[in-house]
Amino acid sequence: MVRKISAHTIYPVSSSPIENGVIVMDENGKIIAIDNLENHDKTEIEFFDGVIVPGFINAHCHLELSHLNGVAQTGTGLIDFISQVIKNRNHSPEIIQEAIGREEKNMIDCGIVAVGDISNTTDTFAQKRKENLFYYTFVEYFDLFQESNTDNILQQYDAVFNALTETSKNQKSKVPHAPYSVSRKLFEMLKQVQHDGTVSIHNQETPPENELFLNKTGDFISFYERIGFDTKDIPKLEKPSVYYALEYLQKENRNLFVHNTLSTKEDIKSAHQKLGKENVFWATCPNANLYIENNLPNYKSFLETNAQVCIGTDSLTSNWQLNILEEMKTILKYQSYLDFETVLQWATINGARALGFADVLGSIEIGKTPGLVLIENMENGKLTNQATSKKIF
Ligand SMILES: [Zn+2]
Numbered sequence: 000m001v002r003k004i005s006a007h008t009i010y011p012v013s014s015s016p017i018e019n020g021v022i023v024m025d026e027n028g029k030i031i032a033i034d035n036l037e038n039h040d041k042t043e044i045e046f047f048d049g050v051i052v053p054g055f056i057n058a059h060c061h062l063e064l065s066h067l068n069g070v071a072q073t074g075t076g077l078i079d080f081i082s083q084v085i086k087n088r089n090h091s092p093e094i095i096q097e098a099i100g101r102e103e104k105n106m107i108d109c110g111i112v113a114v115g116d117i118s119n120t121t122d123t124f125a126q127k128r129k130e131n132l133f134y135y136t137f138v139e140y141f142d143l144f145q146e147s148n149t150d151n152i153l154q155q156y157d158a159v160f161n162a163l164t165e166t167s168k169n170q171k172s173k174v175p176h177a178p179y180s181v182s183r184k185l186f187e188m189l190k191q192v193q194h195d196g197t198v199s200i201h202n203q204e205t206p207p208e209n210e211l212f213l214n215k216t217g218d219f220i221s222f223y224e225r226i227g228f229d230t231k232d233i234p235k236l237e238k239p240s241v242y243y244a245l246e247y248l249q250k251e252n253r254n255l256f257v258h259n260t261l262s263t264k265e266d267i268k269s270a271h272q273k274l275g276k277e278n279v280f281w282a283t284c285p286n287a288n289l290y291i292e293n294n295l296p297n298y299k300s301f302l303e304t305n306a307q308v309c310i311g312t313d314s315l316t317s318n319w320q321l322n323i324l325e326e327m328k329t330i331l332k333y334q335s336y337l338d339f340e341t342v343l344q345w346a347t348i349n350g351a352r353a354l355g356f357a358d359v360l361g362s363i364e365i366g367k368t369p370g371l372v373l374i375e376n377m378e379n380g381k382l383t384n385q386a387t388s389k390k391i392f
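In structure tokens:
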């Protein structure tokens with residue numbers, strides 16, 4: 000059964016917005032045609048009051064932390080935040096599973112079709128096997144610079160990695176957590192097993208992270224001392240943290256840097272130079288940045304370097320909801336030199352490219368199955384505070 004869907008404006012993302020357009024698709028949501036409304040019998044058209052965009056891509060999430068909403072205080076900075084989350088991680092399997100199912104459903108309802116999801120445990124795998132969404136699972140490794148323990152860490156997370164079977168909707172890779180938590184030994188071992196996939200890494204999220212690598216001083220050093228961990232294997236690079244990761248990341252992969260709150264134009268250019276611009280993606284999670292650090296990236300640096308930006312929600316420990324439209328609203332509210340169409344590209348096709356799903360998702364194009372999302376309550380092409388998104392297919 001063919002469906003014909005129309006709205007005031009359609010944003011295919013891969014081409015200019017269309018007024019009075021119609022999307023023709025088959026019963027599986029595959030786009031058959033994008034056409035002018037006047038070529039179709041009005042009685043066959045389902046008309047929606049708002050704008051239609053392709054399904055959103057959530058490029059960075061930790062679905063397994065969904066039961067921890069509200070446990071961390073806002074505005075404390077990253078190190079206090081991490082300590083609060085670790086302290087509160089123990090809950091019954093029932094509570095964890097209930098929260099994972101509930102939040103996946105919330106993501107689907109508000110128009111998300113694919114998720115780049117961090118896993119430290121197997122908690123989300125039962126849900127992911129249902130294939131309600133596309134998932135790229137990043138099994139995340141960190142040894143906190145304790146190289147005597149790196150082999151154990153590898154075994155521990157390899158067991159998590161092996162528990163998820165890869166399918167076209169369930170992709171996976173082994174990834175380093177962040178420059179401030181991964182030793183040279185672990186980076187090197189991960190490098191040996193990463194080929195032709197997406198590799199994500201948390202990057203330049205908080206001032207102490209850069210300070211750690213610039214001077215080997217600051218709050219991360221105090222953090223390691225407080226938990227009784229040796230800091231001798233932390234390299235002093237005299238450069239910001241991203242350069243440590245760049246020593247080990249590879250052109251053969253899609254490289255997804257996450258947060259980048261403190262990344263400068265020079266940092267971005269260096270990553271482009273080392274890895275090839277087309278292989279580098281910059282995920283921004285603005286609401287999480289405001290939640291934890293009360294700070295946002297300077298998006299001008301990404302525009303001026305032609306960087307491929309995508310959008311994530313991070314987890315419910317550091318956000319009020321897992322909703323890409325809410326992230327777009329925040330970006331456009333605080334850096335209003337950006338426009339809706341630019342940020343929509345970040346929220347759709349760029350995320351799809353970053354996760355390797357762009358052949359089916361990310362834009363309304365013939366042959367793709369992108370999912371369709373209705374945004375209501377926009378005003379003159381702008382997102383208002385009242386705007387909402389919902390999945391229509
Ligand atoms: Zn994260």
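Position 224 (the sequence shown) corresponds to 223 in numbering that gives the first Met the number 0; numbering is contiguous. Think of the CB as a built atom: it goes at the ideal place given N, C-alpha and C, for glycine as much as any other residue.
Residues near residue i by beta carbon distance below 7 Å, same chain, minus five either side
i      : result
HIS66  : HIS90, ILE94, ILE95, ALA98
PRO239 : GLN203, ASN209, PHE212, LEU213, ASP266
GLY380 : PHE339
ARG2   : MET24, GLU45
PHE124 : ALA162, LEU163
LYS184 : GLU146, THR149
LEU274 : LEU248, LYS250, ASN254
LYS428 : Past the boundaries of the shown model lies residue 428; the chain is included only from 0 to 392, so the question cannot be answered.
THR304 : LYS264, ILE267, LYS268, HIS271
GLU237 : LEU213
Among the options, nearest to residue i - alpha-carbon criterion
i      : options                        : result
ILE30  : GLU375, LYS367, LEU255         : LYS367
GLU251 : TYR333, ASP229, GLY217, GLY196 : GLY196
ARG352 : LYS328, GLN72, ALA306          : ALA306
GLU26  : MET0, ALA386, HIS176, VAL114   : MET0
LEU143 : GLU43, PHE228, LEU236          : PHE228
ILE310 : GLN126, ASN57, GLN170          : ASN57
ILE226 : ALA287, ILE85, SER14, GLU18    : ILE85
LYS171 : THR73, ASN148, LYS127, GLN72   : LYS127
TYR179 : THR347, LEU163, PRO206, VAL359 : PRO206
VAL308 : VAL342, PHE160, GLU325, ASN293 : VAL342
LYS132 : GLY370, SER388, SER362         : According to the sequence displayed, residue 132 carries Leu and not Lys. Ranking GLY370, SER388, SER362 by Cα distance to LEU132 puts GLY370 first.
GLY69  : ARG88, HIS176, PRO53, HIS59    : ARG88
GLY350 : LYS268, ALA177, ILE111         : ILE111
SER14  : LYS190, PRO53, GLU277          : PRO53
TYR156 : SER167, ASN169, LYS168, PHE141 : PHE141
THR312 : GLU18, SER335, GLU303, THR283  : THR283
LEU324 : THR75, ASP108, GLY74, THR42    : ASP108
TYR298 : LYS273, TYR333, ASP34          : TYR333
LEU337 : GLY361, PHE301, ILE363, ILE365 : PHE301
SER335 : LEU382, LYS129, THR75          : LEU382
ALA346 : VAL192, HIS271, HIS59          : HIS59
THR42  : GLU277, ILE4, GLU18            : ILE4
GLY74  : GLU303, GLU378, ASN293, ILE391 : ASN293
THR230 : THR304, ILE365, THR216         : THR216
Proximal residues to residue i (C-beta, below 6 Å), its chain only, five neighbours per side dropped
i      : result
MET106 : LEU321
SER314 : HIS61, LEU64
SER317 : ALA287, TYR290, ILE291
PRO16  : THR8, TYR10
PHE47  : ALA6, LEU373
PHE280 : LEU255, GLN307, CYS309, ALA353
PRO285 : LEU295, GLU326, THR329, ILE330
VAL181 : PHE141, PRO175
PRO234 : none
8 Å Cβ shell around residue i - same chain, five flanking residues per side excluded
i      : result
GLN344 : VAL12
PHE160 : VAL138, LYS171, LYS173
ILE200 : VAL174, PRO175, HIS176, ALA177, PRO178, ALA244, LEU248, ASN254, LEU255, PHE256, VAL257
ALA357 : ILE348, ALA351
ALA113 : GLY54, ILE56, ASN57, LEU132, PHE133, TYR134, TYR135, GLY350, ALA351, LEU354, PHE356, LEU360
LYS389 : ASP108, CYS109, GLY110, VAL372, LEU373, GLU375
heavy atom of ligand 3 below 8 Å from residue i C-beta
i      : result
HIS201 : Looking for ligand 3 in the displayed structure turns up nothing; the ligands present are ligand 1.
C-beta neighbour in chain D for residue i, strict 9 Å
i      : result
PHE219 : Here chain D cannot be found, since the structure has a single protein chain.
Rounded distance between the beta-carbons of residue j and residue i, thought under 8 Å
i      : j      : result
LYS393 : ASN376 : No statement about residue 393 is possible, as the shown extent of the chain runs from 0 to 392 and does not include it.
ASP232 : GLU146 : 6 Å
GLY20  : ILE33  : 6 Å
LYS168 : GLU130 : 5 Å
PHE392 : GLY28  : 5 Å
The stretch 99 to 109 touching the stretch 139 to 156, judged by at least three CB pairs closer than 8 Å: Segments in contact, no.
Segment contact, 8 Å Cβ cut-off, at least three pairs: the stretch 38 to 51 with the stretch 71 to 91: no
Stretch-stretch touch, CB-based, cutoff 8 Å, three pairs: the stretch 214 to 222 with the stretch 133 to 150: Taking 8 Å as the limit for Cβ pairs, the verdict is that the stretch 133 to 150 does not touch the stretch 214 to 222.
The stretch 107 to 120 contacting the stretch 261 to 277, beta-carbon criterion three pairs below 8 Å: No, because fewer than three Cβ pairs between the stretch 107 to 120 and the stretch 261 to 277 fall closer than 8 Å, the two stretches do not touch.
Residue ranges of each alpha helix (DSSP H) within the stretch 301 to 356, 4 or longer: The stretch 301 to 356 contains these whole alpha helix (DSSP H) runs: 323 to 333, 339 to 344, 350 to 354.
Whole runs of the alpha helix (DSSP H) within the stretch 247 to 304, excluding any shorter than 4 residues: 264 to 274, 285 to 291, 298 to 303
Any alpha helix (DSSP H) of 4 or more consecutive residues that is wholly inside the stretch 49 to 127: 77 to 86, 92 to 108
Alpha helix (DSSP H) runs wholly inside the stretch 129 to 211, at least 4 long, in chain order: 149 to 161, 183 to 192
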